[in-house]
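Reading through the structure tokens given below for one structure.
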């Protein structure tokens with residue numbers, strides 16, 4: 001049973017057959033249509049977008065003799081990245097991401113890759129452009145690509161997926177730096193929610209990338225006979241990229257961890273600054289109030305009271321003391337928030 | 001001696017015998033009753049709810065030749081999850097959980113599974129519905145399930161237990177997010193207690209899940225002859241689920257760790273906001289008080305004092321200054337908590 | 001030379017000899033006395049309380065051919081738990097604890113266990129009841145215990161020690177929860193000291209327990225020929241208990257780590273609440289003071305001043321405004337600490 | 001395709017050929033020029049500054065038979081430090097740093113080293129003085145250096161790179177200590193940015209150094225036949241240096257982690273100190289205001305009011321009380337920020 | 001070239017030759033002097049204080065055939081502790097510490113130990129008393145020490161170094177506890193510097209001790225033929241001590257980590273307490289000021305104003321209200337800092 005949430009309108013099956021002699025491409029609207037088609041070249045790449053039609057997957061499973069567990073894992077699109085060896089083929093699960101910078105939301109889709117002797121099967125829930133550049137490279141007449149085996153094709157697929165991670169992680173890094181500026185400038189509870197959201201995204205990303213690393217490490221060490229020694233050299237390259245991505249991601253995560261502290265202290269400081277301003281205002285009124293008190297005393301003999309200009313002198317005293325204090329506080333930056 | 005706290009009214013023994021030919025089920029009220037029963041099919045699943053009757057366990061132990069340590073571990077229901085190989089059978093301890101979302105309490109029960117050549121014994125303190133769906137699947141006439149050995153039955157039992165973990169962890173995650181909203185909106189000491197309680201629950205859960213992972217890893221690597229190579233493929237699936245659960249749980253734990261900081265700073269900010277409101281109130285009275293002081297001075301010559309409308313002008317000055325300041329503070333959001 | 005701090009009045013040597021046929025017990029006041037004694041049963045358990053008499057240890061060392069390093073380690077009672085294989089015997093160091101709940105102090109004593117082919121030697125600085133239940137079990141006529149070798153005796157000794165850890169850790173956990181309540185209710189600097197003290201205790205406990213785990217792991221894996229395969233099954237049980245204790249201890253430690261944060265923020269919040277109360281008091285006086293100012297102004301024409309009841313109206317205004325504000329603050333809980 | 005950001009005006013190729021008999025040096029302006037040159041000594045060191053000219057790298061790649069992946073890694077200057085064995089040569093990537101103390105910016109460049117049987121190739125994007133001292137040592141007539149193989153040259157190159165790390169880490173440590181003083185004396189948001197910047201730098205440095213450690217460890221353990229047992233002794237030395245650098249870097253990182261806390265609490269304390277000063281000012285005015293109030297009361301019979309010097313006595317009381325309080329506050333350091 | 005900072009006035013070379021028959025000691029002022037000396041006993045211990053005279057080290061290096069890297073490491077006194085096997089001898093670097101409790105400064109010196117078949121060489125920059133007790137033990141006529149090989153001597157040297165660590169770590173622990181008291185009683189910025197200094201010291205100590213552990217572990221596992229199986233038993237003892245020291249050090253480090261939090265919150269609380277005192281003072285003046293306001297109102301008809309004793313009643317009201325409030329605040333401990 002299909003577990004993923006997304007249903008595309010109609011599944012799309014595309015076949016790409018190639019060998020040293022050339023390449024042919026074909027798209028099928030239904031699985032029935034594909035039965036009559038006989039490819040001319042010996043290496044096959046069958047790509048399926050949309051998983052809700054159980055019949056398609058069932059028939060592909062029967063034709064390529066896939067284990068029921070593999071079909072189940074393809075349909076249940078919440079798998080952890082992994083590579084499993086089923087004897088006559090290798091089953092690999094990876095995850096592709098899309099990051100929408102505007103809404104700061106990260107969406108992901110599972111990619112299942114089955115690598116057999118002379119075929120590669122790929123399954124995705126949604127149409128995506130991740131593998132399009134690979135098709136472009138294969139269509140070049142006489143491309144050296146076509147002379148490599150299907151293991152090299154599997155390598156380029158993984159490479160395309162990992163290259164995408166770089167873009168995502170860089171965007172998350174930019175977001176984190178934006179959030180840091182926001183946390184200092186205008187710390188709102190909504191920002192706290194956003195920080196936790198981005199944290200959650202880095203978590204998701206890490207969980208998709210980390211196990212891939214382990215898995216590639218195994219392939220490089222030659223645990224699987226599906227990758228030739230030659231292609232393994234290239235896998236080493238993806239591995240380096242993955243480590244790089246993970247390290248960048250960890251730096252982003254550390255920054256996000258600090259962000260919480262910065263946010264919390266920024267909120268607290270804003271409040272304190274506001275209280276300081278209010279206290280400064282209070283202090284400005286005190287001398288004036290004292291002066292009014294002094295001239296409100298009922299002594300028989302007091303200076304200034306009987307002069308015509310006495311009142312204005314008192315008012316002038318009040319004003320000048322308040323202005324003098326305000327100047328001092330202003331110079332100390334105590335009146336600015 | 002039985003160590004667990006819960007006593008069911010009456011122990012319940014149910015036997016399920018099956019093989020390729022069919023299935024038979026029987027329930028016994030007492031262990032004596034079971035002595036006369038002779039199952040027709042060769043693979044046995046004996047399930048016992050309620051452990052306080054030492055006689056039942058003793059007799060089962062003698063019939064299936066269980067080691068005294070195994071019987072002791074079944075009765076002492078605070079075991080750490082583990083799998084131990086006793087030569088002629090495998091003894092496995094796991095833990096099932098129930099989470100009551102309303103009272104936010106997590107309760108757990110120990111499940112002991114003994115896997116022998118042609119039998120599986122399961123022991124639980126309380127009746128629970130965890131294994132009911134498995135019985136349903138077995139009752140389907142001609143189910144492929146019946147053709148597998150008892151190792152496959154043991155796999156489905158473990159699978160049912162692990163599937164339950166997903167539900168529990170998701171609920172804990174929801175609780176943690178609710179608590180975060182509460183911490184921002186209304187931070188009370190009771191909330192702090194709840195945070196610590198949920199933290200404690202994740203701790204318990206982790207301790208139940210983590211060792212299971214190790215144990216499964218060992219089984220997958222083929223350390224035990226009780227699981228056929230075929231069933232080991234399925235164990236790999238449970239292992240993936242477990243890793244997934246642990247990762248989700250760790251994300252929940254991280255969120256809970258941040259919660260403490262959010263709570264503490266939220267409490268502190270509320271107080272500061274309240275002090276700010278009070279200080280704003282104080283500031284609003286200052287100019288009015290100064291004006292009363294000014295017109296309370298005893299100068300011979302002062303403006304307004306002799307006019308009939310003087311008093312009302314003074315009152316108007318007080319009111320307008322206070323209203324003006326209040327407007328400014330209001331626009332800066334300093335009067336809202 | 002003896003390094004430990006505690007001197008018992010007089011060392012106590014007790015011998016327990018047993019085999020399948022029976023058991024005999026004897027206590028010696030001095031080492032000289034023991035020379036003449038010849039046990040009838042082949043398995044010996046020699047227990048010594050009190051280590052300050054170098055002669056006793058010297059003679060035992062010579063008779064059982066112990067290495068000088070072993071004697072040194074028995075006397076220097078600050079050893080780290082360990083098990084060392086000296087070829088003809090196994091030397092094991094563990095630590096027993098006593099926790100005084102009233103004064104919240106943890107005291108400990110070193111237990112040295114020497115396991116040879118047919119003998120077990122145990123050394124402790126102080127008399128303690130840890131091993132008494134084991135003696136009780138051995139004294140039961142025809143106890144199955146007596147049919148096991150000395151390795152089984154060594155196992156029960158270790159088991160008794162580890163069982164004690166459960167009690168201690170539970171008590172520390174209770175103390176930690178009490179401290180949390182105290183931290184929220186009445187945070188005093190004395191409490192901070194207590195938190196650090198309990199932290200220190202968990203540290204000590206962890207250092208005593210953690211290495212034992214490693215050591216047991218080694219024994220279980222069969223690194224030592226002193227434990228039969230049969231007894232090793234039982235050691236696996238102690239190992240599980242130890243892991244359980246360590247996990248509980250770690251939960252206690254995490255709680256203690258949070259306690260510091262709770263304490264610090266609790267102190268800070270109390271102060272803020274007090275400042276809030278004071279600010280509320282200040283605010284209550286402001287309108288009254290303003291009213292006195294208004295009626296203290298020197299305008300010629302002012303309402304109320306010439307009425308007989310004017311003064312009481314003013315006083316009523318003051319009182320009602322203050323009471324109204326107090327009611328608002330009271331409803332907002334701003335007057336309670 | 002070249003990925004690095006920096007373009008030097010013109011690439012610089014320098015060749016250094018040496019063996020036991022002597023040494024010769026030559027610089028080429030273009031790759032064409034080098035084709036005609038035939039070195040007299042058998043061991044070659046070819047150094048290239050500037051990578052934007054694809055032709056140069058292509059021709060070198062063809063002549064020394066480098067794998068396309070190696071050429072790609074040389075050009076893509078964001079590689080993680082690593083050593084890869086390509087059978088006939090060893091490809092090593094390291095990173096050199098430059099720290100500008102004034103602007104507190106850390107810039108880095110990738111160094112690629114290819115070690116073959118009788119040649120060493122080095123590639124850098126920018127001209128730097130890192131390797132100049134090595135050339136000096138080689139130019140000394142009859143230097144023992146020349147009798148070693150190219151593996152010894154590779155060792156000295158790595159040694160020169162690691163020695164530079166010491167300088168950089170020490171400078172970062174000095175910067176961190178400066179920042180600590182700044183955080184206590186004048187905590188500004190700009191400082192927070194700087195702290196995060198330096199943190200980021202230590203991150204970068206760690207990522208450049210850490211993998212080198214792993215790599216050297218492998219070489220020392222003799223995984224590669226390109227380093228003789230003799231040179232491996234020297235590699236052990238670099239390894240020790242690297243561990244030393246990493247430990248110092250970790251201490252710097254810990255200091256930086258504390259810095260954030262110090263900064264945040266320093267900001268908060270400054271604000272509190274300012275509020276304290278303001279509150280002290282408020283308190284100083286209170287007794288004077290009370291005294292004016294007392295002598296402003298309208299009792300018929302009051303002391304002092306009718307005396308000529310009454311007013312001055314009142315003023316004196318105000319002044320002396322305020323001065324007395326100021327003295328107390330001054331002695332308690334409450335008037336200093 | 002010598003890298004260390006300290007120059008002793010004059011290097012001191014002392015030779016101690018011993019075997020089962022006896023012991024002889026000799027001190028040389030210069031290396032020339034030593035050339036003529038021929039020891040009578042076969043096991044040699046050559047100790048050198050002061051490393052600035054390159055000639056001495058050069059000659060010793062030639063006589064005992066030390067590798068240039070060893071000589072370099074002896075002179076460069078910033079080595080990380082390590083043990084390196086050079087085939088015919090073992091080179092060991094350790095670090096001795098001196099802690100000055102008064103100035104709270106930790107100084108250290110590097111000890112190089114070369115252990116060959118029948119000789120031990122030790123090198124230190126400064127004269128220290130670390131090894132004096134060992135010499136004392138060797139001088140005892142017929143000491144069992146002399147019958148052991150040079151590996152036992154090397155063991156006692158390492159033992160003496162590790163024993164010193166206990167003293168240093170205990171002192172750091174005492175310092176940390178003093179600092180905790182200071183942090184609560186009088187938190188000054190100077191204290192923060194001291195906390196960081198002591199933190200730095202524990203860092204240094206840890207870096208000196210940690211690698212030694214690894215190294216000893218290797219020796220115990222029998223990786224080196226320079227230590228006999230017999231002496232390896234003793235090394236196990238040092239290893240235990242080292243682990244003990246590291247654990248104590250880690251407890252000290254954890255305490256220091258908490259110290260920062262305690263300091264920061266202690267500073268913040270002191271400020272808050274001071275602000276509370278000031279706010280209490282403000283509150284005490286409020287009712288008195290209100291009373292003066294009331295009797296300053298200009299109502300025609302007011303009680304008390306026309307009585308002779310009216311003024312004194314008003315003053316009494318002020319005083320009693322202020323005293324009453326002060327009593328309440330005093331009982332709540334709000335007037336004490």
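Residue numbers (full-length UniProt numbering), protein chains in the order written: chain A, 1 to 337; chain V, 1 to 337; chain H, 1 to 337; chain E, 1 to 337; chain R, 1 to 337.
C-beta atoms are modelled at their ideal positions from N, C-alpha and C, and glycine is treated no differently.
>> Just verifying my parser: in three-state terms, what is the DSSP assignment at residue 82 of chain A?
In response: Correct three-state label for residue 82 of chain A: strand.
> Looking at chain H, which residues of the region 268-280 of chain R have a Cβ within less than 7 Å of any of its Cβ atoms?
Replying inline: 268, 269, 272, 273, 275, 276, 279, 280
> Does the beta carbon of residue 299 of chain E come closer than 7 Å to any beta carbon on chain R?
Replying inline: yes
> Apart from the five residues on each side of it in sequence, which residues of its chain come closer than 7 Å, Cβ to Cβ, to residue 272 of chain H?
Replying inline: none
> Based on the DSSP secondary-structure assignment, which residues constitute the bridge partners of residue 114 of chain A?
Replying inline: A:91, A:121
>> Suppose contacts are defined by Cβ-Cβ distances below 7 Å. Is residue 183 of chain R in contact with residue 113 of chain R by that definition?
In response: no
> Tell me, which residues are paired with residue 18 of chain A by DSSP?
Replying inline: A:23, A:43
> Can you name, in chain order, every residue of its own chain whose Cβ lies under 8 Å from the Cβ of residue 211 of chain E, other than the five neighbours on each side?
Replying inline: 80, 81, 82
> Roughly how many whole angstroms lie between the Cα atoms of residue 32 of chain R and residue 43 of chain R?
Replying inline: 21 Å
> Name the DSSP bridge partner or partners of residue 98 of chain V?
Replying inline: Checking the DSSP bridge columns, you'll see residue 98 of chain V partnered with V:107.
> CB-CB under 6 Å to residue 145 of chain A, same chain, minus the five flanking residues each way: which ones, in chain order?
Replying inline: Cβ within range, chain order: 137, 138.
> Between which two residues does the alpha helix (DSSP H) carrying residue 302 of chain A extend?
Replying inline: Taken as a continuous stretch (DSSP letters only), residue 302 of chain A belongs to no alpha helix (DSSP H), as it is neither H nor E.
> Going by C-alpha distance, which of V:194, V:239, V:204 is nearest residue 219 of chain V?
Replying inline: V:239
>> Assuming contact is defined by CB atoms lying nearer than 7 Å, are residue 216 of chain E and residue 154 of chain E in contact in what I supplied?
In response: no
> Based on the DSSP output, what are the partners of residue 12 of chain H in its beta bridges?
Replying inline: H:49
>> Please list, in chain order, the chain R residues whose beta carbon lies closer than 7 Å to that of residue 296 of chain E.
In response: Ordered by position in chain R, the residues that pass the 7 Å Cβ test against residue 296 of chain E are 292, 296.
>> Please classify residue 40 of chain A as buried or exposed, where buried requires at least 16 neighbouring CB atoms within 10 angstroms.
In response: exposed
> Going along the chain, which unbroken runs of the alpha helix (DSSP H) with 4 or more residues stay wholly within the region 212-298 of chain R?
Replying inline: 229-295
> Taking any Cβ of chain H, which residues in the region 70-81 of chain V have a Cβ under 9 Å from it, in chain order?
Replying inline: So the close ones are 72, 73, 78, 79, 80.
> How long is the line joining the alpha carbons of residue 29 of chain E and residue 156 of chain A, rounded to whole angstroms?
Replying inline: For residue 29 of chain E and residue 156 of chain A, the gap between their C-alpha atoms comes out near 38 Å.
> By a C-beta neighbour count over all protein chains shown, 10 Å radius and 16 as the cutoff for buried, is residue 330 of chain R buried or exposed?
Replying inline: Counting the other CB atoms within 10 Å of its CB gives residue 330 of chain R a total below 16, which places it among the exposed residues.
>> Quick test of the definition: if touching needs 3 or more C-beta pairs under 8 Å, does the region 14-23 of chain E touch the region 90-108 of chain E?
In response: They do not touch, by the three-pair rule.
> Counting contacts by CB-CB distance shorter than 7 Å, is residue 207 of chain H in contact with chain R?
Replying inline: Taking a beta-carbon distance threshold of 7 Å, residue 207 of chain H counts as an interface residue toward chain R.
>> Please classify residue 276 of chain V as buried or exposed, where buried requires at least 16 other C-beta atoms within 10 Å of its C-beta.
In response: buried
>> Distance check for residue 11 of chain R and residue 53 of chain R, CA to CA, integer angstroms please.
In response: 7 Å
> Are the CB atoms of residue 163 of chain V and residue 227 of chain V nearer to each other than 7 Å?
Replying inline: no
> Do the region 194-208 of chain A and the region 53-69 of chain A meet, that is, are 3 or more Cβ pairs less than 8 Å apart?
Replying inline: no
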